[in-house]
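Presented below is the structure to which this report refers.
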Amino acid sequence: MGQVVIKIEGMSCGHCQKAVEKALRTLPGVTGADVNLQTGEATVTITGEVAREQLEQVVATAGYRVVD
């Protein structure tokens, strides 16, 4: 198990935070997602290999954007 921290742009409320967490948790290999609205960061707990592109895609589908 490992953790990946990604920066997310476009969140403005608790609903946004929960939407991103829910979206990230749908990915196979993701066992947890904790999104901090104030810092705009998501800490994603993964097992195995989850590509950054997969994380970016699921966040984009939810209506937000992963930034470097």
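Letter 43 of the sequence shown, counting from 1, is numbered 42 in the working numbering, and no numbers are missing.
Where a beta carbon is used, it is the ideal one built from N, C-alpha and C, also for glycine.
Asked, Found
"CB-CB length for glutamine 53 against leucine 26, believed under 8 Å", "6 Å"
"Beta-carbon proximity check, glycine 9 vs arginine 64, cutoff 8 Å", "yes"
"Separation of alanine 32 from cysteine 21, as counted between CA atoms", "First, the amino acid is wrong: residue 21 is lysine here, not cysteine. Cα to Cα, lysine 21 sits roughly 8 Å from alanine 32."
"Three-state class that DSSP yields for glutamate 20 in the structure shown", "helix"
"Helix, strand or coil at glycine 13 [DSSP, three-state]", "helix"
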